[in-house]
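Chemist: What follows is a single structure, and I will ask about it in a moment.
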Amino acid sequence: MSKPEKLIVDGKRLDGRGPFDMRPIKFTAGVLKRADGSCYLEFGGNKVMAAVYGPREVHPRHMQNASRAIVRYRYNMASFSVEERKRPGPDRRSIEISKVSREALEGVVMEELYPRSAIDVFVEILQADAGSRVAGINAASVALADAGIPMKCLVSAVAVGKIDGEVVLDLNKDEDNYGSADLPIAMNQFGEITLCQMDGHLTEEEFGRALDMAVDGCKKIHELQKQALIEKYGQDITPDVAQPIEGGETNE
Numbered sequence: 003m004s005k006p007e008k009l010i011v012d013g014k015r016l017d018g019r020g021p022f023d024m025r026p027i028k029f030t031a032g033v034l035k036r037a038d039g040s041c042y043l044e045f046g047g048n049k050v051m052a053a054v055y056g057p058r059e060v061h062p063r064h065m066q067n068a069s070r071a072i073v074r075y076r077y078n079m080a081s082f083s084v085e086e087r088k089r090p091g092p093d094r095r096s097i098e099i100s101k102v103s104r105e106a107l108e109g110v111v112m113e114e115l116y117p118r119s120a121i122d123v124f125v126e127i128l129q130a131d132a133g134s135r136v137a138g139i140n141a142a143s144v145a146l147a148d149a150g151i152p153m154k155c156l157v158s159a160v161a162v163g164k165i166d167g168e169v170v171l172d173l174n175k176d177e178d179n180y181g182s183a184d185l186p187i188a189m190n191q192f193g194e195i196t197l198c199q200m201d202g203h204l205t206e207e208e209f210g211r212a213l214d215m216a217v218d219g220c221k222k223i224h225e226l227q228k229q230a231l232i233e234k235y236g237q238d239i240t241p242d243v244a245q246p247i248e249g250g251e252t253n254e
């Protein structure tokens, strides 16, 4: 596919969205009977399945932690998920995404309740579009809640980027490929940032604007995550102490 001459034309992105608009998002909780918890997510062109198993016994046993559970996260892109067939099996990119995604989620899991146990999260990208790592985190968060894993709150994630000199929310494939910056961010509903990566360059002012956009996007995604769980269970199962995202803070 050739590079577009412009990614913003007359104030609109090539897919018709404005700078603050996200692609269509649809969550469905509890789609896999054999998993303890699961979620299917469509996020723009991404189609993602997340499954959670556990808490369960850790194998091999030398990996057990006597004081808490361990969270294991596996991100994988199916061979048919991209236009050119992807070689099966883990690669450096999927290993890196698995690591940062696990770190984005494990802080909200009450691991201390399940010593010597493992909570396994599998995220399969069935169809890949830009932002598959944040889509995976969003689906995994719902799947963990669906599995009944005790959590302090949900985690929501979105990417912000820079195209044609303008900061925009939720990059599509062309914007991700040809833009000048990509900033995936995950945060919990208290505004604590659990993932922040950047590819490219943003000024301090642009970074501040991007963070504000991410807070707004994560707030909307959190409502959709919560609604998916309400639709399955028929009631609001999120903690009463939960508060809406108001601002971004690093979770040091």
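According to the numbering used here, the sequence shown holds residues 3 to 254 in order.
Built from N, CA and C at the ideal position, the CB exists for glycine as well.
Since we're looking at a predicted model, the values are computed, not measured.
#1: Can the beta-carbon of A52 be found less than 7 angstroms from the beta-carbon of L197?
#2: If I'm right that R118 touches N78 with Cβ under 8 angstroms, what's the distance once you round it to whole angstroms?
#3: Which residue's Cα is closest to the Cα of G91: R76, V110, D38?
#4: Could you tell me how far apart the beta carbons of I139 and G56 are, in whole angstroms, since I believe they sit closer than 8 angstroms?
#5: Residues in its own chain within less than 7 angstroms of V11 by CB, not counting five upstream and five downstream?
#6: Could you tell me the alpha carbon to alpha carbon distance between A161 and F22, rounded to whole angstroms?
#7: Would you mind reading off the limits of the alpha helix (DSSP H) that contains F209?
#8: Which of the three DSSP states, helix, strand or coil, is assigned to M24?
#9: Considering only their Cβ atoms, is the gap separating V144 from F45 smaller than 7 angstroms?
#10: Please name the residue, chosen from V125, P62, A137, L115, that lies closest to I223 on a Cα-to-Cα basis.
#11: Closest to A216 by CA distance: which of I187, Q191, E208, K234 is it?
#12: Does DSSP put A120 in a helix, a strand or coil?
#13: Assign S83 to one of three DSSP states: helix, strand, or coil.
#14: Checking the sheet assignment: what are the DSSP bridge partners for D201?
#15: Starting from N174, follow the alpha helix (DSSP H) in both directions and report where the run begins and ends.
#16: Whose C-beta lies closer than 8 angstroms to the C-beta of I165 among residues of the same chain, with five residues either side of it excluded?
#17: Report yes if the C-beta distance between D131 and K175 is below 7 angstroms; otherwise report no.
#18: Note down, in chain order, each residue of its chain lying with its Cβ closer than 7 angstroms to the Cβ of E208, except the 5 sequence neighbours on either side.
#19: Classify G163 as helix, strand or coil using the three-state DSSP reduction.
Modeler: In brief:
#1: no
#2: 27 angstroms between Cβ atoms; not a contact.
#3: R76
#4: About 18 angstroms separates the two Cβ atoms, so there is no contact after all.
#5: none
#6: 12 angstroms
#7: 206–235
#8: coil
#9: no
#10: A137
#11: I187
#12: strand
#13: coil
#14: D184
#15: It is not in any alpha helix (DSSP H) - N174 carries neither H nor E in the DSSP assignment.
#16: L9, I10, R15, L173, E177, Y180, G181, S182
#17: yes
#18: K164, V169
#19: strand
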